[in-house]
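Asks: My questions all concern the structure below.
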Amino acid sequence: MSETVKKPILAVGPFHPLQEEMEFFQLTVDGEKVTDIDVRLSYNHRGIEKLSETLQFDQIPYLVSRICGICSASHPLAYVQAVEEIAGVKPPERALYVRTIINELERIHSHLLWVGLGGHFIGYDTVFMWAWKYREPVLDLLEEITGNRNNYGNVKIGGCREDIPEGIEPKILKELDTIEKKTEMLTKAILDDPVLHARLKGVGVLSKKDAVRYAVTGPTARGSGVDIDVRRDDPYAAYADLDWKVITQDAGDVFAKAVVRLLETFESIKIVRQAVKKLPKGPITTEVKQIPPGEGCGRAEAPRGETFHYVRSDGGNRPVRHKIRAPSYVNVPSFKASCIGADIADVTLTLAAVDPCYSCTERLAVVDDHNNVIHNHEALLRLSREKTAKIMKETGAPGLKLEDI
Amino acid sequence: MEQQELESRLSQMEGKLIGTQQTKNNRIFLLCEAEKCSDVCRFLFEELSLRFVISTGIDADDCFEVLHHFSNDQTGCMVTVKAFIRDRTKPSIGSITPFVPAAEWIEREMHDVLGIDFENHPNMRRLILCDDWPEGVYPLRKDAKL
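Order-wise, the sequence lines are chains A and B.
Quick note: the first sequence, position 4, residue 4 per the working numbering, numbers continuous.
Convert by adding 1000 to the 1-based position in the second sequence; the result is the number in the working numbering.
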């Protein structure tokens, strides 16, 4: 009689609404430990690269801004930079500053969104509510500047479509002060909390070596001590004129990634403030009549990492090839290095730490086909929160209260 | 690595290349035949420690092109290896995944959408296409009728 040993597989997915794409994680487990991970994706492939070949160059920014609602400034920016490279166009100074302001506001709201979700996953719902409350005015600012809270549609080949409304500068600066103060309180509450230290340190460690092997980008790389940031390394928009620094941490765990994101938020606030004060006068667009044959690479630092667009033109009015790489495409495979050997309770958080908003899905289910146990979204959250509660009890720490922040 | 050093190190690879293009925007394209591609990429990744960014597969009219994009983050220079696959009936090229694990997904994707075979790839399952997609239909080819 032949006997095959069946390894229990926890099936996480395949529906993943918060990430705007479906993903299916199959965790091979031994008890509570994860021994292997397999990712299946593309359940909802939208064929944007192919679609892009059917559109004219000036229509594509609106297509690519719909790749991701949260990164809807960085995708069109990377694309127009690639096309501007082919055409040899340099947008006017003012347009570069407007692009910088919009992209940094996007980073602030995305990082705050992540902090909130991270708090929610481990049972700190106060952090969730406060972070999202502080995020709201950022979206309001974006709405006032571009007309939309997301999908700004403000960047075009050769410059920007709309200028910053006249007289809005004092309001932006005032809001930034408020956001900075609130984020400072939030950061202090998070970084000084002994329970969070115990809960997040040493969890989901991605070593520097693995970060290089898996070529991760953004806060995922910077949290593992890889000092890269396209804004500094291959400067675009107005970043080279402004004073800011790249935040890195060496530990590679979830805590390090949280620290990177929180401190980056302050750098973004600094960047917007300087850009608003230095905003040069003048036109916001130059006319681009034709895109010559050629190829160009455009890069922009999205909140989750480097966004890369490659465009090839044959001199017609449509690209012959348009390759897009969003940061999660390289960040997600690094789970193979950071999740193996971890507890299921920690995997929830580790997967969330690269910011694909993993746990907040109603149809997320864990199926143990060995014992026929089904864990749903609530059960996974409970596992993660129980661990936090256990640490709280062990350290004798009081829970985080509203008045603490 | 400084730009000058990068350029001089890249010139060591000249024997394997059929041409080099450099644009004023800090982009270098290394042109090679498919057979030499993985050697060139191994040199860039292991010897020069360039960061792998992504690959692009292109259906050019007379051949397939596979572009591996690398980044030298110290200078913001992008080095792209452009490999030409001349055989259109059975396109095939050496995989870089054995030494650049980050390339696993994109090589599987190119295999799906363009039908390019990556030799020595450790896990050539479908990534983009669903399981019941018909064999031999490649959606990103120019002659695809969808």
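Virtual Cβ for every residue (Gly too), placed ideally from N, Cα, C.
Taking 6 Å as the limit between beta carbons, can you name the residues of its chain near residue 308 (chain A), skipping five residues before and five after?
Replies: 299, 325
Asks: Quick one: Cα of residue 164 (chain A) to Cα of residue 318 (chain A), how far?
Replies: 30 Å
Asks: When you compare the stretch 324 to 339 of chain A with the stretch 214 to 223 of chain A, are there three or more beta-carbon pairs, one atom per stretch, that lie closer than 8 Å?
Replies: When Cβ pairs closer than 8 Å are counted between the two stretches, the stretch 324 to 339 of chain A is seen to touch the stretch 214 to 223 of chain A, the count reaching three or more.
Asks: Could you tell me which residues DSSP puts in a beta bridge with residue 11 (chain A)?
Replies: A:26
Asks: Could you work out which residue in A:118, A:176, A:255 is closest to residue 194 (chain A) when comparing CA atoms only?
Replies: Nearest Cα to residue 194 (chain A) within the set A:118, A:176, A:255: A:255.
Asks: Going along chain A, which residues have a C-beta under 7 Å from residue 1115 (chain B)?
Replies: Per Cβ cutoff of 7 Å: no residues; residue 1115 (chain B) is ~15 Å from chain A at best.
Asks: Should residue 201 (chain A) and residue 253 (chain A) be called a contact, given that it needs their Cβ atoms to be closer than 8 Å?
Replies: yes
Asks: Our contact map puts residue 1093 (chain B) next to residue 1118 (chain B) with C-beta atoms below 8 Å; I'd like the distance itself, whole angstroms only.
Replies: Sure, about 6 Å apart at Cβ, within 8 Å.
Asks: Show which residues of chain A have a CB atom less than 8 Å away from the CB atom of residue 1139 (chain B).
Replies: 47, 50
Asks: In the DSSP assignment, what residue or residues form a beta bridge with residue 1070 (chain B)?
Replies: Looking at the DSSP assignment, residue 1070 (chain B) forms a beta bridge with B:1052, B:1079.
Asks: Quick check on residue 215 (chain A) - is its C-beta less than 8 Å from some C-beta in chain B?
Replies: yes
Asks: So what does DSSP say about residue 197 (chain A), is it helix, strand or coil?
Replies: Secondary structure of residue 197 (chain A) (DSSP, three-state): helix.
Asks: Just the chain B side, please: which residues come within less than 9 Å of residue 323 (chain A) by C-beta, in chain order?
Replies: Neighbours of residue 323 (chain A) on chain B, chain order: 1054, 1055, 1056, 1057, 1058, 1067, 1069.
Asks: Taking the alpha-carbon positions, what's the residue 315 (chain A) to residue 81 (chain A) distance?
Replies: 17 Å
Asks: Quick test of the definition: if touching needs 3 or more C-beta pairs under 8 Å, does the stretch 271 to 280 of chain A touch the stretch 165 to 173 of chain A?
Replies: yes
Asks: Could you tell me whether any Cβ in chain A is nearer than 8 Å to the Cβ of residue 1019 (chain B)?
Replies: no
Asks: Go ahead and label residue 150 (chain A) buried or exposed: buried means 16 or more other beta carbons lie within 10 angstroms of its beta carbon, across all protein chains shown.
Replies: Buried.
Asks: Have a look at residue 58 (chain A) and residue 320 (chain A) and give me their C-alpha separation to the nearest angstrom.
Replies: 14 Å
Asks: Please state whether the Cβ-Cβ distance between residue 98 (chain A) and residue 284 (chain A) is less than 8 Å.
Replies: yes
Asks: What first and last residue would you give for the beta strand (DSSP E) that runs through residue 1022 (chain B)?
Replies: That run of the beta strand (DSSP E) goes 1019 to 1023.
Asks: On the CB-based measure, 16 or more other CB atoms within 10 Å of its CB, does residue 287 (chain A) come out buried or exposed?
Replies: exposed
Asks: If you count every other CB in all the chains shown that lies within 10 Å of the CB of residue 304 (chain A), and 16 or more means buried, which is it?
Replies: buried
Asks: Output the distance between the C-alpha atoms of residue 198 (chain A) and residue 387 (chain A), rounded to the nearest integer angstrom.
Replies: 10 Å
Asks: Out of A:179, A:206, A:23, state which residue places its alpha-carbon closest to the alpha-carbon of residue 222 (chain A).
Replies: Nearest of A:179, A:206, A:23 to residue 222 (chain A), Cα basis: A:206.
Asks: Using a Cβ-Cβ cutoff of 7 Å, what residues of the stretch 1077 to 1106 of chain B are near chain A? List them in chain order.
Replies: 1078, 1101, 1102, 1104, 1105
Asks: Taking residue 1039 (chain B) and residue 228 (chain A) to be in contact with their CB atoms under 8 Å, please state how far apart those CB atoms are, rounded to whole angstroms.
Replies: Actually they do not touch by this definition, with Cβ atoms about 26 Å apart.
Asks: Less than 6 Å between C-beta atoms, sequence neighbours within five positions excluded: which residues of the same chain meet that for residue 385 (chain A)?
Replies: 123
Asks: Rounded to whole angstroms, how far is the Cβ of residue 175 (chain A) from the Cβ of residue 230 (chain A), which I believe are closer than 8 Å?
Replies: So it is not a contact: roughly 27 Å between Cβ atoms.
Asks: If you drop the 5 nearest sequence neighbours on each side, which residues of the same chain put their C-beta closer than 7 Å to that of residue 271 (chain A)?
Replies: 100, 104, 242, 244
Asks: Is residue 265 (chain A) closer than 8 Å to residue 183 (chain A) when the C-beta atoms are compared?
Replies: A contact, by the Cβ cut-off of 8 Å.
Asks: Between residue 238 (chain A) and residue 96 (chain A), which are expected to be in contact by the criterion C-beta below 8 Å, what is the C-beta distance as a whole number of angstroms?
Replies: 4 Å
Asks: Quick one, are the C-beta atoms of residue 1027 (chain B) and residue 1078 (chain B) less than 8 Å apart?
Replies: Pairing residue 1027 (chain B) with residue 1078 (chain B) gives a Cβ-Cβ distance under 8 Å.
Asks: Give a yes or no on whether 8 Å exceeds the smallest Cβ distance from residue 373 (chain A) to chain B.
Replies: Residue placement at residue 373 (chain A) is poorly supported in this model, since its pLDDT is 46, which falls under 50; the coordinates are not used for a value here.
Asks: Which chain B residues sit within Cβ distance under 7 Å of residue 85 (chain A)?
Replies: What residue 85 (chain A) touches in chain B: 1025.
Asks: Using a C-beta to C-beta distance shorter than 7 Å, which residues of chain B count as neighbours of residue 280 (chain A)?
Replies: The premise fails here: residue 280 (chain A) is roughly 23 Å from chain B at the closest Cβ pair, so nothing lies under 7 Å.
Asks: Let me check one thing: in DSSP terms, what residues is residue 308 (chain A) bridge-paired to?
Replies: A:299, A:325
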